[in-house]
Amino acid sequence: MESTTLTVNIPGNDLMPDLVGERDVLLRRVEGAFPGSAIHVRGNQITIDGAHAATVGTVFDEMVALLQQGLTIDERTLDRTIDMVRADERPSEVLTTEIFRTSRGKPVRPRSAGQKRYVEAVADGIITFGIGPAGTGKSWLAVAMAIRSLQAGQVDRIVLTRPLVEAGERVGFLPGDLMAKVDPYLRPLYDALFDMVDTETAERLVDRGQVEVAPLAFMRGRTLNNSFIILDEAQNTTPEQMKMFLTRVGFGSRVVVTGDISQVDVPGGRSGLLDLERMLTGIDGLSFVHLGARDVVRHRIVQDIVEAYEHEAGLREADDRGDGVGAGSEPGDDVSDGSSH
81 MESTTLTVNI PGNDLMPDLV GERDVLLRRV EGAFPGSAIH VRGNQITIDG
131 AHAATVGTVF DEMVALLQQG LTIDERTLDR TIDMVRADER PSEVLTTEIF
181 RTSRGKPVRP RSAGQKRYVE AVADGIITFG IGPAGTGKSW LAVAMAIRSL
231 QAGQVDRIVL TRPLVEAGER VGFLPGDLMA KVDPYLRPLY DALFDMVDTE
281 TAERLVDRGQ VEVAPLAFMR GRTLNNSFII LDEAQNTTPE QMKMFLTRVG
331 FGSRVVVTGD ISQVDVPGGR SGLLDLERML TGIDGLSFVH LGARDVVRHR
381 IVQDIVEAYE HEAGLREADD RGDGVGAGSE PGDDVSDGSS H
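According to this note's numbering, the sequence shown is numbered sequentially starting from 81.
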């Protein structure tokens with residue numbers, strides 16, 4: 081690529097310190113993300129030299145837009161901004177979307193374009209399937225949308241549920257009474273709830289029946305009206321359980337189903353989440369949103385691990401199709417990662 085020079089004019093005099101960071105740490109981080117780039121600051125101008133000057137300029141434009149909308153730029157936000165700009169996405173249109181504020185005043189926002197599409201699908205639809213690996217915010221954002229709907233008076237209650245069979249374990253083989261048996265499976269949903277509201281509020285909502293956390297088996301025979309229902313870990317349902325759950329939806333209700341089809345633990349491997357998209361595509365009010373490695377918001381090493389697994393899955397799919405490229409391909413072969421972000 082040919083080296084070019086680009087100058088970015090920063091509006092006003094108060095944004096530059098937040099753009100470059102303390103001791104220019106953010107400036108140097110941008111340089112490090114684009115090898116061969118040289119960035120210089122003079123007054124309210126940032127001059128960029130290198131083959132990636134246009135992309136780096138867009139990064140700074142997006143940082144300015146984020147700051148002007150009240151966000152703070154830290155290293156994590158900067159890394160997310162760089163990743164999104166590289167993918168031709170607009171961080172200033174994604175990271176500024178606010179779902180609601182927690183009891184501690186912290187804004188809950190999508191952290192990727194995929195997460196924003198997911199949140200919009202939940203807001204606009206009746207039944208939304210969020211499918212993707214761990215760390216993509218499927219369950220956490222679903223709980224956030226549920227609490228927002230409850231606070232806005234759009235629903236009367238939130239129902240959080242999971243299949244009770246995971247990793248080959250059944251309730252009968254677990255020690256203790258029913259709640260002691262159920263609790264380990266439902267704890268992640270409680271954790272998400274406590275992230276959003278303080279403990280006292282969460283306990284009050286549970287006591288009043290406005291938030292119900294129960295195993296999937298408890299849904300049988302019920303019709304849930306005016307409810308926001310979240311089925312988590314849906315890959316561990318059987319086809320019969322999934323059909324039972326989806327037909328519980330009543331008037332005025334909204335449903336989110338989350339799952340990771342690469343982590344099927346249901347006995348026999350017959351997951352109720354598989355083949356659903358083929359069966360249900362085209363139904364009005366129902367949508368599928370797929371999240372991938374680029375939507376992972378945990379430690380960067382988790383994103384790298386997910387990308388490695390997606391790459392391996394792509395190789396296996398190519399091998400199964402007989403494309404001549406498989407898990408045994410030699411290093412240096414021209415291999416697409418097969419990822420779906």
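Ideal Cβ positions, reconstructed from N, Cα and C, are used throughout, including at glycine. Source: prediction; values computed, not measured.
Check	Outcome
Am I right that G394 and G212 are in contact with their C-beta atoms under 8 Å? What's the rounded C-beta distance?	With 8 Å as the limit, G394 and G212 do not qualify as a contact, their Cβ atoms being about 15 Å apart.
Sort S83, R288, D345 and T216 by Cα distance to T318 and report the nearest one.	D345
For K218, collect the residues of the same chain with a Cβ closer than 7 Å to its Cβ; drop the 5 residues on either side in sequence, then sort them by chain order.	G210, G212, T338 and L371
Nearest-angstrom Cα distance between M164 and R109?	15 Å
Should V369 and Y198 be called a contact, given that it needs their Cβ atoms to be closer than 8 Å?	yes
Comparing C-alpha positions only, which one of L273, T327, F308 and E82 sits nearest to W220?	L273
In this structure, does DSSP put A373 in helix, strand or coil?	helix
Use the C-beta contact count for E82: other C-beta atoms within 10 angstroms, 16 or more gives buried, fewer gives exposed.	exposed
Which parts of the region 118 to 180 are runs of the alpha helix (DSSP H), unbroken and 4 residues or longer, counting only runs that do not cross its ends?	133 to 148, 155 to 166 and 171 to 174
Taking the alpha-carbon positions, what's the V202 to T161 distance?	24 Å
When the Cα atoms are used, what is the spatial distance from K323 to A134?	51 Å
Closest Cβ-Cβ distance between R300 and chain D: below 8 Å?	Among the chains of the structure shown, chain D does not appear; only one protein chain is present.
Which partner residues does N89 have in the DSSP bridge list?	Q125
Terminal residues of the continuous alpha helix (DSSP H) containing I238?	No alpha helix (DSSP H) contains I238, which is instead part of the beta strand (DSSP E) from R237 to R242.
Please identify the residue among L311, R284, G352 and T327 whose C-alpha is closest to the C-alpha of T303.	T327
Just how far apart, CA to CA, sit H120 and T279?	48 Å
For the beta strand (DSSP E) holding F209, just list the boundary residues, first then last.	I207 to I211
Is the beta carbon of V188 sitting closer than 8 Å to the one on T182?	yes
For V277, name the three-state secondary structure that DSSP assigns.	coil
On the criterion of 16 or more Cβ atoms from any shown chain inside 10 Å, does A167 qualify as buried, or is it exposed?	exposed
DSSP state of P115, grouped into three classes?	coil
Out of I310, L86 and G123, which has the shortest C-alpha to C-alpha gap to A131?	L86
Going by C-alpha to C-alpha distance, which of R358, G185, F325 and D204 sits closest to M276?	G185
Excluding the 5 residues preceding and the 5 following V105 in the sequence, name in chain order all residues of the same chain whose CB lies nearer than 8 Å to its CB.	E155
Can you tell me which of the three DSSP states M259 falls into?	Bear in mind that the predicted position of M259 carries a pLDDT of just 48, short of 50, making it unreliable; the figure below should be weighed with that in mind. Note: M259 maps to helix in three-state DSSP.
If we call anything under 8 Å between Cβ atoms a contact, is L230 one with Q148?	no
Between the Cα of L244 and the Cα atoms of V100, N316 and I206, which residue gives the shortest distance?	N316
Could you tell me which residues DSSP pairs with E292 in its beta bridges?	V239
Around the C-beta of A193, are 16 or more other C-beta atoms found within 10 angstroms, so that it is buried, or is it exposed?	buried
Measure the alpha-carbon distance for L266 versus E142 and round it to whole angstroms.	39 Å
Is P190 helix, strand or coil when you go by DSSP?	coil
Hey, how far is the Cα of R191 from the Cα of A222?	14 Å
Within a Cβ cutoff of 7 Å, which residues of the same chain sit near D287, ignoring the five residues on either side of it in sequence?	none
In chain order, what residues of the same chain lie with their CB nearer than 7 Å to the CB of L95, ignoring the 5 residues before and after it?	V144 and L147
State buried or exposed for G349, treating a residue as buried only when at least 16 other CB atoms are found within 10 Å of its CB.	exposed
Throw me the rounded Cβ distance for the Y389 and S351 pair, which I believe falls under 8 Å.	Not a contact, Cβ separation roughly 17 Å.
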